[in-house]
Structure formats: C-alpha cells, structure tokens
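Numbering (full-length UniProt numbering), first residue to last: 1 to 317.
Input: a single structure, listed below in structure tokens.
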Amino acid sequence: MNDSKLILVTGGSGLVGKAIEELVTLQKRENEKWIFASRKDANLCDYKATKDLFTKYKPTHVIHLAAKVGGLFDNISNNLDFLDNLHINDNVLQASYETGVKKVVSCLSTCIFPDKTNYPIDETMVHYGPPHDSNFGYSYAKRMIDILNRAYYQKHGCQFTSVIPCNVFGPHDNYNLKSGHVIPALIRRLYDDITAGKTQFTVYGSGKPLRQFIYSKDLAKLFVWVLFEYNEIEPIILSVDESEEVSIQHLAREVAKAFDYNDEIVFDTTKADGQYKKTASNAKLRSYLPNFEFTPFSIAVKESVDWYKKNHESARN
Ligand code: NAP
Ligand code: GDP
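Below is the structure:
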C-alpha cells in the first residue's frame with residue numbers, strides 16, 4: 001500500500017510555517033513530502049488561484065496557516081481587512097474538499113474567545129459571546145473555521161479540524177512596529193533603541209495585562225502531532241500551562257535581560273492594553289500529551305532575541 005503523504009502548508013513563509021519547515025527538515029521524515037506555500041504561490045483570497053494550487057500539488061494533508069495576522073494595534077485599526085480571512089478559509093476548505101484532501105488542520109487563536117467569559121477558557125467556549133471589541137474582524141472570521149469544519153464533517157465526512165494557539169513568538173516573526181505582536185515589537189524597539197544609544201525602552205500600555213506565550217518551535221512539534229495523531233473535529237487549545245502566564249511587564253524585563261539592557265523601562269499608558277487576560281486551559285492537550293515539555297520562557301525569548309540580532313537586516317520589518 002502506498003502510504004506516502006504530500007503535506008501542503010499554507011502560510012508557509014510566516015512565523016509558524018518557518019518553524020514547521022525547520023522541524024520537518026531536521027527530522028528527515030520518511031514517506032512525506034512537504035510544500036511550504038506563500039502568497040507568491042497563490043493569493044488564497046482568490047478561489048481560482050487556490051484551486052489551481054491544490055490541483056498542482058494534490059496534497060493528501062494540509063496545515064492551513066495562511067491568514068492576515070497582526071498585533072493589538074493592527075487589529076484595532078483594521079477590522080475590515082482582517083475579515084479577508086473569511087475568504088481565505090472558505091477557499092482553502094472548499095478546495096481541500098474538492099480535491100479529496102484527507103485531513104486539514106486550520107488555525108484559530110486564543111484571542112478570538114469571548115471577552116466576557118469564565119476563566120480558564122476552554123475549547124467549548126469559542127462561540128459563547130462577542131469577542132473583545134479590538135479584534136472583532138479577526139475573531140469572527142477565525143470562529144467560522146470551526147463552523148465550516150463541523151459542516152464539512154456533517155455533510156461530507158471531511159476530517160477538517162483546528163487548533164487554538166496562544167500568542168506565538170520566535171524566529172521569522174513580524175517585526176513591524178505597527179502590525180507586529182508584542183514580543184517581536186519589543187525586540188525590534190529595544191534593538192533600535194540600543195543601536196541609537198537611547199537609555200529609555202518604551203513599552204505600550206500599563207504592562208499589567210497577562211498573556212500566555214508559546215515558542216514557535218514548540219508549536220511546530222504540536223502541529224505535526226495534531227496532523228497525524230489527533231482525530232477530533234473539535235478544536236484543541238495549544239498553549240503553555242496556566243502557571244506560565246506572564247504580565248507584559250515581566251515580558252519586557254525578559255526581553256531587556258536577553259539584550260543585557262539595564263537602563264530604564266517606561267510604560268506608555270496612553271496606548272491601549274487590549275483584553276486584560278485570555279487565560280486558556282491546556283487540559284485537553286495535557287490529556288493527550290501529559291509529558292510534553294515546553295521550552296522555558298526565558299530561553300525561548302533569548303533565542304528569539306539572538307535570532308533577531310543576527311537576522312535583523314533580512315527580517316520582516
Ligand atoms: P505570519 O507570520 O503573519 O504569516 C502569515 C502567512 O500567511 C504568510 O506565509 C503569508 O504569506 C500568508 N498569507 C497571508 N495572506 C495570504 C493570502 N491572501 N494568500 C496566501 N497566503 C497568505 O503569521 P503566523 O504568525 O505564522 O500565523 C500563522 C497562523 O497562526 C495564522 O492562521 C494565525 O491566525 C495563527 N495564530 C497566530 C498567532 C500569533 O501570535 N502569531 C497566535 C494564534 C494563532 P506571505 O509571506 O507571502 O505574505
Ligand atoms: P494580543 O495578545 O492579541 O492582545 O496581541 P499583542 O501580541 O499585540 O499584545 C498586546 C499586549 O501587549 C497589550 O497589552 C499591549 O498594550 C502590549 N504591548 C506593549 N507594547 C506593545 C507593542 O509595542 N506592540 C504591541 N502589539 N503590543 C504591545
């Protein structure tokens with residue numbers, strides 16, 4: 001029996017895609033061919049371009065990462081643009097169905113959960129109330145993936161599922177100060193400050209909000225496990241433990257430490273804090289993988305800072 005697999009990764013040039021590419025390249029996995037597609041290969045907002053991509057590669061499996069992704073300040077200003085994700089997800093799942101893909105793993109996020117909710121958040125709560133007002137476009141578009149997965153399963157028996165990562169960081173992140181998430185933005189800003197000889201490192205907001213952060217290299221391992229071992233249609237949260245939740249203030253100190261920066265850190269409270277916390281339970285993940293070891297936060301931050309110092313000229317700025 002031919003059990004060779006062709007795995008298409010949409011969004012393969014991004015933060016998570018690059019981490020998966022590095023992992024599977026290192027592992028030299030047998031009977032698997034991996035294709036990492038970017039916007040250059042197909043604009044997935046366009047149905048025909050999406051179908052052509054799937055017809056060209058005939059994937060047996062898909063990890064669907066492609067999305068318009070941004071940090072708090074990008075979301076606040078551009079909710080309409082984030083609704084582009086509706087088209088991308090519709091097209092990818094429809095093309096997957098039409099070309100007979102055996103399994104699709106798509107990506108939600110812990111920031112799409114209801115704003116007013118009980119903590120910790122779990123997988124059953126995705127649709128239980130409006131998201132935080134800062135990112136309603138991204139949130140509703142992402143929530144529809146779960147609806148589509150259930151509907152494709154009900155009508156056609158498709159194995160389309162989704163994962164719900166917390167805030168991701170690592171090499172190949174988006175270091176643009178306007179659109180990036182907090183970790184790449186702080187790395188970029190402090191790098192620029194140190195280079196310019198400044199002795200004041202500015203962090204937006206009060207520093208009090210709490211976040212769970214997952215290193216892209218850990219997430220890559222979990223993605224590959226979900227693709228081949230996780231057989232539910234319902235989503236699974238891929239997050240560090242609740243005890244690993246940290247404040248933005250703590251994060252800023254970790255970034256400063258990784259740069260060996262000992263001068264002042266100031267908090268610009270004229271800037272938004274966003275949702276105070278999004279504490280998610282990884283109990284479901286732990287029920288499958290009780291011994292999975294996450295990279296300690298300070299080591300992962302240090303590796304990310306070192307990567308940026310080495311690669312800042314070619315990094316996405
Ligand atoms: P990223 O670094 O911004 O990469 C986005 C990827 O999507 C890029 O490869 C980009 O291609 C591709 N893409 C965007 N629009 C496209 C389009 N119209 N057609 C084709 N490709 C398109 O994102 P990421 O951080 O790796 O995120 C990966 C997934 O994880 C996303 O689904 C995101 O929602 C989810 N997620 C991310 C986080 C986080 O903190 N970053 C947290 C939870 C969930 P180009 O490079 O060619 O533009
Ligand atoms: P979120 O986790 O989805 O809210 O997105 P972010 O990764 O953008 O994190 C936002 C949190 O980090 C908020 O509490 C911001 O106030 C705080 N923060 C501090 N400095 C920055 C910055 O330079 N950029 C971003 N995006 N957030 C920052």
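By construction, the Cβ of each residue, glycine as well, lies at the ideal position given by its N, Cα and C atoms.
Its chain contains V104, L148, Y152 and F160 as the residues whose beta carbon lies nearer than 7 Å to that of L93, once the 5 sequence neighbours on both sides are disregarded; these appear in chain order. In the structure shown, the three-state DSSP call for I76 is helix. The residue from K33, Q275, L15 and N317 with its alpha-carbon nearest to that of L177 is N317. Within 10 angstroms of the beta-carbon of D306 lie fewer than 16 other beta-carbons, which makes it exposed. Between G274 and Y215, the gap from beta carbon to beta carbon reaches 8 Å or more. The beta carbons of T279 and Y119 sit closer together than 8 Å. Check the Cα spacing between E242 and each of K217, S179, S281 and S38: the tightest is with S281.
Y261 is the residue among R39, Y261 and A19 whose C-alpha sits nearest the C-alpha of T195. For the pair E245 and R211, the CB atoms are nearer than the 8 Å cut-off.
When DSSP states are grouped into helix, strand and coil, E123 belongs to the helix group. Close to the ligand GDP, as judged by a C-beta nearer than 5 Å to any of its heavy atoms, are the residues G71, L72, C111, N167, H181, V182, A185, V203, Y204, G205, P209, I248, D273 and G274, in chain order. Annotated three-state conformation of F267 is strand, per DSSP. The segment 37–51 makes no contact with the segment 75–82; the number of CB pairs closer than 8 Å stays below 3. Within the chosen limit of 7 Å, the ligand NAP reaches the beta carbon of I88 through at least one heavy atom. Sequence-distant Cβ neighbours of N311 in its own chain, meaning closer than 7 Å and more than five residues away, do not exist here.
A direct Cα-to-Cα measurement between H172 and D133 gives close to 28 Å. Taking each of D84, P59 and F201 in turn and checking the Cα distance to S96, the smallest one comes out for P59.
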